[in-house]
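Q:
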Ligand SMILES: [Zn+2]
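Residue numbers (this note's numbering): 1 to 165.
1. Let me know the alpha helix (DSSP H) ranges lying completely inside the region 3-63, each 4 residues or longer, listed in chain order.
2. Tell me residue 69's beta-bridge partners as DSSP assigns them.
3. In three-state DSSP terms, what is residue 120?
4. Any chance the CB of residue 132 is under 7 Å from a heavy atom of ligand 1?
5. Along the chain, where does the alpha helix (DSSP H) that runs through residue 155 open and close?
6. Tell me whether the beta-carbon of residue 104 lies closer than 8 Å to the beta-carbon of residue 80.
7. Would the C-beta of residue 91 count as close to ligand 1, meaning under 7 Å from any of its heavy atoms?
8. Would the region 39-54 and the region 9-29 be scored as touching if the rule is three or more Cβ pairs under 8 Å?
9. Which same chain residues, not among the five before or five after residue 168, have their C-beta less than 6 Å away from its C-beta?
10. So the beta strand (DSSP E) residue 111 belongs to, where does it begin and stop?
11. Can you pull the DSSP bridge partners for residue 95?
12. Taking a contact to mean a Cβ-Cβ separation below 8 Å, would you say residue 90 touches residue 50 in this structure?
13. For residue 169 and residue 36, I'd like the C-alpha separation in whole angstroms.
14. Could you check the C-alpha separation between residue 28 and residue 114 for me, to the nearest Å?
15. Is residue 34 near ligand 3, judged by its Cβ being under 7 Å from some heavy atom?
16. I need the boundaries of the beta strand (DSSP E) containing residue 146, first residue and last residue.
17. Using a threshold of 7 Å, is the CB atom of residue 3 nearer than that to any non-hydrogen atom of ligand 1?
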């Protein structure tokens, strides 16, 4: 089981490296991340959140939580002008929730776990989760965006004070 890295650990704010080795260990890592995501009740997880600054993210598929999709080196190639905001949380910021404005539709490219080039499009909740996780591999958290805090304000202020010291 993997340990989830929490703010204010500074590696969460560092951009992650491109992945070039599509081997068995990458597949194993995606599997372990999936187990961790289920345990933590997440709907997405990025590798920097388990302490590995590489460009791998996973997103929950379906309602059962027993399936997921892995995206390696994902890149957003189109973002709609139309935006949407929902109350977002983050496993690396437990107890903190707030609104983040995001594109309502995106198109993206990525590689699958075998290294094959893929492309996709997403809207609604899926688009939001993908943008949230891609932010992680770019070293950005919800609190680094225009973030309207709805829960956990005191907690966040305490962490930020700690980080400043
Ligand atoms: Zn997150």
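Don't be surprised by glycine CBs; every beta carbon is placed ideally from N, CA and C.
A: For this structure:
1. 24-39
2. Within the chain shown, numbered from 1, the residue matching residue 69 stands at position 69. Note: residue 69 sits in a beta bridge opposite 59.
3. Mapped onto the chain shown, residue 120 falls at position 120. Note: residue 120 maps to strand in three-state DSSP.
4. Taking the first residue of the chain shown as 1, we reach residue 132 at position 132. Checking the Cβ of residue 132 against ligand 1 gives yes.
5. Within the chain shown, the letter at position 155 stands for residue 155. Segment 153-164, the alpha helix (DSSP H) holding residue 155.
6. Here the question's residue 104 lines up with position 104 in the chain shown. Here the question's residue 80 lines up with position 80 in the chain shown. A contact, by the Cβ cut-off of 8 Å.
7. Translated into the one-based positions of the chain shown, residue 91 becomes position 91. Yes, ligand 1 has a heavy atom inside 7 Å of this Cβ.
8. yes
9. Nothing about residue 168 can be read from this structure; the chain reaches only from 1 to 165.
10. Here residue 111 refers to the residue found at position 111 of the chain shown. 105-111 is the span of the beta strand (DSSP E), which, as asked, contains residue 111.
11. Against the chain shown, residue 95 aligns to sequence position 95. In the DSSP output, where bridge partners are listed per residue, residue 95 has none listed.
12. Locating residue 90 in the chain shown gives position 90, where the first residue counts as 1. Locating residue 50 in the chain shown gives position 50, where the first residue counts as 1. Cβ distance not < 8 Å, so residue 90 and residue 50 don't count as in contact.
13. The structure shown does not extend to residue 169, since the chain is modelled only from 1 through 165, so no value can be given for it.
14. Here residue 28 refers to the residue found at position 28 when the chain shown is read from its first residue. Here residue 114 refers to the residue found at position 114 when the chain shown is read from its first residue. Approximately 12 Å, taken between the alpha carbons.
15. In the structure shown, ligand 3 is absent; the only ligands present are ligand 1.
16. In the chain shown, the residue the question calls residue 146 occupies position 146. Segment: none, residue 146 is in no beta strand (DSSP E) and carries neither H nor E.
17. Position 3 of the chain shown holds residue 3. For ligand 1, not one heavy atom lies less than 7 Å from the Cβ of residue 3.
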